[in-house]
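Asker: To start, I am sharing the structure in question, which I have written as structure tokens.
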Amino acid sequence: MKKLTKPWAGRFSDTLSKSAEEFTSSVHFDVRLYKQDIVQSIAYARTLLKVNILSAAECKKIIQALEQIMKEIGSGKTKLQTEYEDVHMNIEALLIGKVGEMGKKLHAGRSRNDQVATDMRMYLKYEATEIVLAIKKVQTVLLDLAEKHLKVIMPGYTHLQRAQPIVFSHHLMAYYEMLERDKKRFLAAGEAADVMPLGSGALAGTAFNIDRAGLAKELGFAKISNNSMDAVADRDFATDFTYACAMLMQHFSRLSEELIIWSTYEFNFIELSDKYTTGSSIMPQKKNPDICELTRGRVGRVYGSLTTLLTLMKGLPLAYNRDLQEDKEVVFTAVDTVKGVLDIFPPMLATMKVNTEVMTAAARKGFLTATDLAYYLVRRGVPFRDAHSIVGKIVAYCEESNMQLEYLSLKQLKQFSEAFTYDVTRYLSAESSLANRDLPGGTAISRVKEAIKRGRKNLLHDKA
Ligand code: ARG
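Take 3 as the starting number for the sequence shown in our numbering and just add one per residue.
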């Protein structure tokens with residue numbers, strides 16, 4: 003008879019083939035959950051003591067051994083083995099190795115199904131908090147930059163064509179807002195994860211009358227799950243979290259795209275620091291925005307994670323299926339990618355050089371105040387559609403004669419509409435265009451200043 007080592011080997015008469023073992027093993031990635039798994043097991047041991055499955059002495063010994071195992075895995079002294087399939091069974095095997103027979107008692111009433119769901123929820127709760135803090139760091143840098151460039155006029159774009167004058171700070175604060183929504187999504191994802199499945203057993207609930215509420219309290223969960231089948235089969239929380247990651251990456255990808263465009267020779271609005279750019283192995287003049295490009299590129303991984311989770315779940319019958327093991331790597335990838343981006347952006351943004359004169363000069367070319375000129379006519383009683391058409395003709399005239407709007411004389415303007423009077427020139431500058439956007443959410447400097455102030459206050463007081 004072969005020696006059968008698996009904890010589940012009782013009903014088997016042959017051993018698992020090496021290839022099947024490798025195919026099914028998850029330990030090379032779920033080792034990441036070892037701390038959560040051990041903390042959970044320690045709390046569970048205390049619960050088993052309360053229902054007399056463990057004696058006080060056994061409970062104490064088990065806890066001591068688990069703490070020891072945590073240190074040993076952390077220091078790299080103990081390596082987990084493929085043979086034991088996943089992090090849960092590795093830790094159990096290590097425990098039995100340390101305390102002998104009594105270690106075999108710990109799994110009573112528990113299943114890896116509720117165990118892994120609990121680990122993942124603990125892990126994502128923690129990561130959500132970490133990510134929220136990291137988002138706040140980026141927001142702080144954006145506020146600093148916005149404050150510093152409050153009066154820097156630049157062209158605002160639609161269709162990547164010069165559209166209307168804005169201040170650079172307004173542009174930066176747009177990203178602050180995106181990150182504010184990201185933060186809320188991560189807080190919500192953390193809340194979604196804050197429900198404890200432990201006590202659901204394999205699917206039907208635990209046959210021992212354990213104190214789930216007490217266990218949840220000890221593990222720092224706000225709630226316990228209501229339905230044991232849902233609890234072991236649910237990965238909504240992981241999907242919510244990954245969706246938050248995907249949206250955050252989308253925002254950083256858009257910012258990256260703008261930084262890439264702005265740092266081209268053609269735009270020259272900014273220059274990224276040497277510390278955050280790389281050179282070319284062939285072209286000596288090159289200074290490439292690789293961090294931005296990689297951020298834009300890595301969105302693919304995170305969207306991939308979200309797609310994987312959505313696809314993974316769509317046809318699964320209740321309750322646990324091994325497919326669910328596939329949730330981990332993609333969630334870990336999303337977490338790592340997001341944290342990497344959040345780490346590198348604050349110093350990269352803080353050290354970039356802003357070519358304010360180039361930006362402002364760009365805002366003075368390209369008829370950016372054409373809309374303001376049309377609004378001037380509207381204020382003089384011309385219907386907007388007519389005003390639009392009149393100014394369109396003026397722009398065409400300027401283009402033909404290589405002129406800018408602000409250099410047109412009243413006489414020239416009057417040829418297009420009698421409604422123009424002497425005060426029109428006041429409406430033709432980028433400054434006046436900005437000043438006119440003086441309403442909540444607008445780019446008037448006073449409004450942007452207010453937005454920055456609100457942003458600072460918000461960062462101080464929000465609950466994260
Ligand atoms: N490694 C598994 C996972 O990540 C743990 C649960 C395994 N349960 C089972 N019945 N095979 O999902």
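Backbone N, C-alpha and C fix where the C-beta goes; we use that ideal spot for every residue, glycine too.
1) Under a three-way DSSP split, which group does R237 fall into?
2) Can you tell me where the alpha helix (DSSP H) holding A190 begins and where it ends?
3) For the ligand ARG, is there any heavy atom lying closer than 8 Å to the beta carbon of D39?
4) Skipping 5 residues on each side, what residues in its chain have a beta carbon closer than 7 Å to that of M3?
5) Looking at the structure shown, is M285 part of a helix, part of a strand, or coil, going by DSSP?
6) Under the rule that 16 or more other beta-carbon atoms within 10 Å means buried, what is E87, buried or exposed?
7) Is A190 a contact residue of the ligand ARG, with contact defined as CB to any heavy atom under 8 Å?
8) Express the C-alpha separation of L145 and L174 in angstroms, rounding to a whole number.
9) Assuming G111 contacts T208 under a Cβ cut-off of 8 Å, what Cβ separation, rounded to an integer in Å, is found between them?
10) Return the chain-ordered list of same chain residues with a C-beta closer than 6 Å to the C-beta of T310, the five sequence neighbours on each side being excluded.
11) According to the neighbour-count rule (16 or more other Cβ atoms, all chains shown, within 10 Å of its Cβ), is K63 buried or exposed?
12) Quick check: the region 379–393 against the region 414–426, are there 3 or more CB pairs under 8 Å?
13) Out of M180, K107, I293 and H172, which has the shortest C-alpha to C-alpha gap to P157?
14) With distances taken Cα to Cα, identify the nearest neighbour of C294 among G306, T279, S283 and I284.
15) Would you mind giving the Cβ-Cβ distance between E220 and A45, rounded to the nearest angstrom? I have them listed as a contact below 8 Å.
16) Does the Cβ-Cβ distance between K355 and S275 come in under 9 Å?
17) Which residues have a Cβ closer than 5 Å to any heavy atom of the ligand ARG, listed in chain order?
18) Any contact of the region 223–230 with the region 266–275, i.e. 3+ C-beta pairs under 8 Å?
19) Pull up the distance between the alpha-carbon of F347 and that of K107, whole angstroms please.
20) Could you check the C-alpha separation between V197 and A119 for me, to the nearest Å?
21) For M3, which of helix, strand or coil comes out of DSSP?
22) Rounded to a whole number of angstroms, what is the C-alpha to C-alpha distance between F210 and T49?
23) Taking the straight line between their C-alpha atoms, what separation do you get for E60 and Q70?
24) Which first and last residues belong to the beta strand (DSSP E) in which G158 is found?
25) Whole alpha helix (DSSP H) runs in the region 338–396 with 4 or more residues, listed along the chain?
26) What are the residues that DSSP puts in a beta bridge with T313?
27) Look up E420 in the DSSP assignment and say whether it is helix, strand or coil.
28) Label I284 either buried or exposed according to how many other C-beta atoms from any shown protein chain fall within 10 Å of its C-beta, with 16 as the threshold for buried.
29) How many Å lie between G457 and V101 at the Cα?
30) Provide the residue(s) that pair with M198 in DSSP beta bridges, ordered along the chain.
31) Could you check whether the region 146–154 touches the region 73–87, counting it as contact only if at least three pairs of C-beta atoms, one from each stretch, sit closer than 8 Å?
32) In the DSSP output, what is S280 paired with across the bridge?
33) Span of the alpha helix (DSSP H) holding Y128?
34) Taking 9 Å as the cut-off, decide whether the C-beta atoms of L320 and I137 are in contact.
35) Where A195 and L318 are concerned, what is the direct C-alpha to C-alpha distance, given to the nearest angstrom?
36) Give the straight-line distance between the Cα atoms of G394 and Y159, rounded to the nearest whole angstrom.
Answerer: In this structure, then:
1) coil
2) F170 to A195
3) no
4) Since pLDDT at M3 reaches only 48, below the 50 mark, its modelled position is unreliable, and the value read off the structure follows with that caveat. Closer than 7 Å at Cβ, skipping near neighbours: no residue.
5) coil
6) buried
7) no
8) 8 Å
9) 4 Å
10) V332
11) buried
12) yes
13) H172
14) T279
15) 5 Å
16) yes
17) S28, D88, R114, V118, L326 and Q327
18) no
19) 48 Å
20) 10 Å
21) With a pLDDT of 48 at M3, under the threshold of 50, the predicted position of this residue should be treated as unreliable, though the coordinate-derived value follows. If DSSP states are grouped into helix, strand and coil, M3 belongs with coil.
22) 10 Å
23) 15 Å
24) I155 to T160
25) 358–365 and 372–381
26) According to DSSP, which records beta bridges pairwise, T313 is partnered with nothing at all.
27) coil
28) exposed
29) 55 Å
30) I226
31) no
32) The question names Ser, yet the displayed sequence has Thr at residue 280. The partner list for T280 (beta bridge, DSSP) reads N290.
33) R114 to K150
34) no
35) 20 Å
36) 18 Å
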